[in-house]
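> Here it is, the structure, as structure tokens.
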Amino acid sequence: MSMTDPGENIRVFKTAWFSKAASKARIQDAELCTGIQEILKGQCVDLDGAVFSKRLNRNMHRGIVIHGGRYWVYA
4 MSMTDPGENI RVFKTAWFSK AASKARIQDA ELCTGIQEIL KGQCVDLDGA VFSKRLNRNM
64 HRGIVIHGGR YWVYA
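Numbering (the working numbering), first residue to last: 4 to 78.
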């Protein structure tokens, strides 16, 4: 999946394990992209370095996000 912002090309990926867990929890890809936009606004927990914790699915689930360059990975 990818998000396009004016002036910035951000790519969002999911690990295989996260993809399966998100599917079971009925978390859509659009919600994951929205989560990255919220992380960019600072609406997350910074776990130090390039690792963030983000609440998903109306605060019912939590996702760990790793940032590297223009790539974001839900793990």
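For glycine and all other residues, C-beta sits at the position ideal for the given N, C-alpha and C.
#1: In the DSSP assignment, find the unbroken alpha helix (DSSP H) run with LEU43 in it and report its ends.
#2: VAL76 and ILE39 - do their beta-carbons sit closer together than 8 Å?
#3: Please report the residue range of the beta strand (DSSP E) in which ARG58 lies.
#4: If you drop the 5 nearest sequence neighbours on each side, which residues of the same chain put their C-beta closer than 7 Å to that of ASP49?
#5: Going by other Cβ atoms of all chains shown within 10 Å of its Cβ, with 16 needed for buried, is LYS57 buried or exposed?
#6: Between ILE30 and ALA19, what straight-line distance do the alpha-carbon atoms span, to the nearest angstrom?
For this structure:
#1: What you label residue 43 is simply residue 40 of the sequence shown in a count that begins at 1. Boundaries of the alpha helix (DSSP H) around LEU43: 32–43.
#2: Within the sequence shown, numbered from 1, the residue matching residue 39 stands at position 36. Within the sequence shown, numbered from 1, the residue matching residue 76 stands at position 73. No, these two residues do not count as a Cβ contact at 8 Å.
#3: Sequence index remark: in the sequence shown, residue 58 carries index 55 (1-based). Looking at the DSSP string, the run of the beta strand (DSSP E) that includes ARG58 is 54–59.
#4: Numbered from its first residue, the sequence shown carries residue 49 at position 46. Excluding residues within five positions, the ones whose Cβ falls inside 7 Å are PHE55.
#5: Within the sequence shown, numbered from 1, the residue matching residue 57 stands at position 54. Per the 10 Å Cβ criterion, buried.
#6: Stepping through the sequence shown from its first residue, residue 30 is reached at position 27. Stepping through the sequence shown from its first residue, residue 19 is reached at position 16. So the alpha carbons of these two residues sit roughly 14 Å apart.
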